[in-house]
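Engineer: Numbered per the UniProt record's numbering, the sequence shown finishes at 68, counting up by one with no gaps. Backbone N, C-alpha and C fix where the C-beta goes; we use that ideal spot for every residue, glycine too.
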Amino acid sequence: MIKFNGSQVVPSELEALLLDHPSIQDAAVVGQQVEEPATEVPVAFFILKYQHLADQKSPEALKTPIHS
1 MIKFNGSQVV
11 PSELEALLLD
21 HPSIQDAAVV
31 GQQVEEPATE
41 VPVAFFILKY
51 QHLADQKSPE
61 ALKTPIHS
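1) Taking the DSSP output, what are the residues bridged to Pro37?
2) Would you list the one or two residues that DSSP bridges to Leu48?
3) Short of 7 Å in beta carbon distance, which residues of its chain neighbour Val10, apart from the five on each side in sequence? Order them along the chain.
4) For Leu19, count the other beta carbons within 10 Å of its own beta carbon; 16 or more makes it buried, fewer makes it exposed. Which is it?
5) Who pairs with Val9 in a beta bridge, going by DSSP?
Set out below in structure tokens:
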């Protein structure tokens with residue numbers, strides 16, 4: 001569980017959203033502690049299905065904020 005700005009974020013839910021993207025093969029989400037403001041932020045790591053996509057800009061859908 002990641003505590004982000006007073007809310008609880010479930011990493012597996014974010015991973016499921018990432019895995020719905022057709023360009024993503026695998027994903028993991030972890031919390032990273034930050035000092036200003038004192039909270040955790042979710043950080044995502046993912047593996048692309050197709051290596052040639054790594055040479056391009058991140059898919060626009062991955063830049064969209066996720067709201068609860």
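Structural biologist: This is what the structure holds:
1) As computed with DSSP, Pro37 is found in no beta bridge at all.
2) Beta-bridge pairing links Leu48 to Ile24.
3) The residues are Met1.
4) Exposed is the call here.
5) The beta-bridge partner set that DSSP reports for Val9 consists of Ile2.
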